[in-house]
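Everything on this sheet refers to the single structure shown next.
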Amino acid sequence: MSSKQSILNALKSVAVAPQAMPPINVSPRIDDVIGQFETNLNTVAGTLHREGGLAALQAKVDELTKEGKQVISQVEGVKGNREVPDTAHELRDIDFAVIPGDVAVAENGAIWVNNQHLGHRVTPFICENLFLVISADTVVANLHEAVKKIGLDSGEFGVFIAGPSKTADIEQALVVGAHGACSLNVYLV
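Per the UniProt record's numbering, residue 1 is the first one in the sequence shown, and the count goes up by one each step.
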């Protein structure tokens, strides 16, 4: 018997029997989930726009397109000046992307987005600036509640986005927008 096999056999002999995961029942303790979401979104360098909904977002997009910015939109009711391209490589010069979020989490300011609404999965990471649209009734208190509302089928992609891209070096100098979107604006509808 090889030494590798003897080690593996020894590990099997002391292995603990598999246990089922315990149920996690965490009741939310937040009275104002939208307010808490806004506070935590600001903490991670994002901005929440509570008033105006899609009309306010469309006005902002119109202003940006008049400035010559390239804007794509995956949100019904908001029209950019660029169509979603056939390949992700054609997104390299996109200034702003408008995409819908599925669930927002008050405890950390994160928003779940699914590839079904992105066009290309690289969209929120390659654009210079990101607009996310979230329905007020999909803001939940914590990640335990969020996980119950999301799901991925085989081959799908989803991600929690919490603010714009950020990194810090060993000198603890925070850089926003280092390897992704430089800003995140969330429009509540």
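Glycine is no exception: its CB is placed at the ideal position from the N, C-alpha and C atoms.
Handout entry: Whole-number beta carbon distance between Val33 and Ala141, since they are thought to touch under 8 Å
Key = The residue you call residue 141 lines up with position 141 of the sequence shown. The residue you call residue 33 lines up with position 33 of the sequence shown. That pair is a contact at about 5 Å.
Exercise for the section: Return helix, strand or coil for His146, following the three-state DSSP convention. Expected result: Taking the first residue of the sequence shown as 1, we reach residue 146 at position 146. As written in the sequence, residue 146 is Ala, which differs from the His given in the question. If DSSP states are grouped into helix, strand and coil, Ala146 belongs with the helices.
Practice task
Excluding the 5 residues preceding and the 5 following Trp112 in the sequence, name in chain order all residues of the same chain whose CB lies nearer than 7 Å to its CB.
Solution key: Within the sequence shown, the letter at position 112 stands for residue 112. If we look at Trp112 and ignore the five residues flanking it on each side, its Cβ neighbours are Gly101, Asp102, Val103, Ala146, Ile150, Gly158, Phe160.
Exercise for the section: Return the bridge partner residues of Ile134 from the DSSP annotation. Expected result: For the purposes of this step, residue 134 is taken as residue 134 along the sequence shown, with counting starting at 1. Beta-bridge pairing links Ile134 to Leu188.
Handout entry: Simplified DSSP assignment, three categories, for Phe37
Key = On the sequence shown, residue 37 is found 37 positions in, with the first residue counted as 1. Correct three-state label for Phe37: helix.
Handout entry: 8 Å Cβ cutoff met for Ala181 and Asn129
Key = The residue labelled residue 181 in the question sits at position 181 within the sequence shown. The residue labelled residue 129 in the question sits at position 129 within the sequence shown. Taking 8 Å as the Cβ cut-off, Ala181 and Asn129 qualify as a contacting pair.
Exercise for the section: Reducing DSSP to helix, strand and coil, say where Thr47 ends up. Expected result: The residue labelled residue 47 in the question sits at position 47 within the sequence shown. The answer is strand: DSSP assigns Thr47 an E or B state.
Problem - Check whether Val122 and Leu91 have beta carbons under 8 Å apart - result: What you label residue 122 is simply residue 122 of the sequence shown in a count that begins at 1. What you label residue 91 is simply residue 91 of the sequence shown in a count that begins at 1. A contact, by the Cβ cut-off of 8 Å.
Practice task
Taking only the alpha-carbon atoms, compute the straight-line gap between Ser73 and Val98 and give it to the nearest angstrom.
Solution key: What you label residue 73 is simply residue 73 of the sequence shown in a count that begins at 1. What you label residue 98 is simply residue 98 of the sequence shown in a count that begins at 1. Rounded to the nearest angstrom, the two C-alpha atoms are 4 Å apart.
Handout entry: Whole alpha helix (DSSP H) elements within the region 80-131, 4-residue minimum
Key = 123-126
Practice task
Return the CA-CA distance between Val189 and Arg50, expressed in angstroms with no decimal places.
Solution key: Counting from 1 along the sequence shown, the entry for residue 189 is found at position 189. Counting from 1 along the sequence shown, the entry for residue 50 is found at position 50. Computed Cα separation, rounded: 8 Å.
Practice task
Answer yes or no: do Thr39 and Asn185 have a C-beta to C-beta separation smaller than 8 Å?
Solution key: Numbered from its first residue, the sequence shown carries residue 39 at position 39. Numbered from its first residue, the sequence shown carries residue 185 at position 185. The answer is no: Cβ separation not under 8 Å.
Problem - Whole-angstrom distance between Phe131 and Phe96, CA atom to CA atom - result: On the sequence shown, position 96 is the one that residue 96 refers to. On the sequence shown, position 131 is the one that residue 131 refers to. Between Phe96 and Phe131, the C-alpha separation is close to 7 Å.
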